[in-house]
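In this text, residue positions in the sequence shown follow our numbering: the first is 2, and each later residue adds one.
Think of the CB as a built atom: it goes at the ideal place given N, C-alpha and C, for glycine as much as any other residue.
In what follows, a single structure is set out as structure tokens and then discussed.
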Amino acid sequence: MNTETTAAQRRGRLTLLAVATAFVLPIFLAWLLTSGVLPWLPKGRLNYGSLIEPTIDLKSRQFLDENGFATSFDRRFGEWTMAAILSDPCGADCRRTLDDVRRIRLALREEMARVYMAAIVDRGRTGAEPGARDTEGPTEVYRTSVAELMATLRAARAVPEGQSGFDQIILIDHRSRAMMIYPPHADLGSVTRDVKRLLRASKTD
2 MNTETTAAQR RGRLTLLAVA TAFVLPIFLA WLLTSGVLPW LPKGRLNYGS LIEPTIDLKS
62 RQFLDENGFA TSFDRRFGEW TMAAILSDPC GADCRRTLDD VRRIRLALRE EMARVYMAAI
122 VDRGRTGAEP GARDTEGPTE VYRTSVAELM ATLRAARAVP EGQSGFDQII LIDHRSRAMM
182 IYPPHADLGS VTRDVKRLLR ASKTD
């Protein structure tokens, strides 16, 4: 076997390896991001919202929809939830928070379909349910024990002691994990930038 033949074979192997890598690597990276093997959140770039560390798994918490049926945040693979924790009754701050969530979602533009809006309310709520008529956008209702949820958030230092925790926005991934939290009257531009970064980091297509 001469030198030219050996070099040609080496180039052929390298070309085959490069082609295989180009096809396999994106699939492997997508699997890593969605499997939970690696913590993919870009911490250094999320400069506005407060990361919830460790993340809070909401699967074990009971949530009911507005009709009283069991529901969860992991029904839509690949989609995220912006959930507003609302007081009862829903006053001016509450309505502003719902409107903020709507504005943030609209600002996502082409990525808007990957995020849906939700309202977390107490299971003993007596006021009218928040809904599309209040926010000009789809808002799903999740009833739970808000007191217990607040205790969980405080234990994770996501809600400081002395603050009610109402009218905050929680960002929840498609595995029902509460990832980030934003205070009442958050800067909408900063929240939007955070959400866009997370969506880019978690994109698998």
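Identified DSSP bridge partners for residue i
i	result
M118	M83, T140
D94	According to DSSP, D94 bridges with nothing at all.
T72	F64
M181	L52, L172
D123	T145
I57	A179
Residue i burial status per 10 Å Cβ neighbour count (16 or more: buried)
i	result
K44	Low confidence applies to K44: its pLDDT is 46, below 50, so where it sits in the model is not reliable, and the reading given next is rough at best. Flag for K44 reads exposed.
L154	buried
Q164	exposed
T136	Confidence is the limiting factor: at T136 the pLDDT is only 47, short of 50, which leaves the residue's position unreliable and the question unanswerable from this model.
F167	buried
L199	buried
T7	exposed
A120	buried
E141	buried
G50	buried
T22	exposed
T82	buried
A187	buried
Chain-order list of residues whose beta-carbon lies under 6 Å from that of residue i (same chain, five-residue window excluded)
i	result
V147	D123
A108	T193
T98	A85, D168
K197	none
Reference residue i; option with closest CA among the options
i	options	result
M118	Y143, D94, R126	Y143
E54	D195, A187, V160	V160
G125	R12, L87, D195, T82	L87
M113	D94, E80, C91, T145	E80
A93	S191, P185, D195	P185
I173	V116, E162, A152, T16	V116
R96	R12, I170, N68	I170
N68	A156, T145, R12, R110	T145
Beta-carbon proximity list for residue i, same chain, < 8 Å, skipping 5 on both sides
i	result
R14	none
D75	K60, H175, R176, S177
A71	Q63, F64, L65
L189	D101, R104, I105, A108
E149	R62
S73	L59, K60, F64, S177
Proximity test, residue i beta-carbon vs the ligand HEM heavy atom, cut-off 7 Å
i	result
L150	With respect to the ligand HEM, the structure shown offers nothing to examine, as it has no ligands at all.
Same chain, Cβ closer than 7 Å to residue i, neighbours up to 5 away in sequence not counted
i	result
M151	V160, G166
S191	Y49
A157	I53, I57
**OP:** Indicate whether the contact test is met: 3 or more Cβ pairs, each with one atom in the region 163–180 and one in the region 52–60, closer than 8 Å.
**Re:** Yes, the region 163–180 touches the region 52–60.
**OP:** Determine, using beta-carbon pairs with one atom in the region 180–190 and one in the region 61–74, whether at least three such pairs fall under 8 Å.
**Re:** Between the region 180–190 and the region 61–74 there are fewer than three C-beta pairs closer than 8 Å, too few to call the two in contact.
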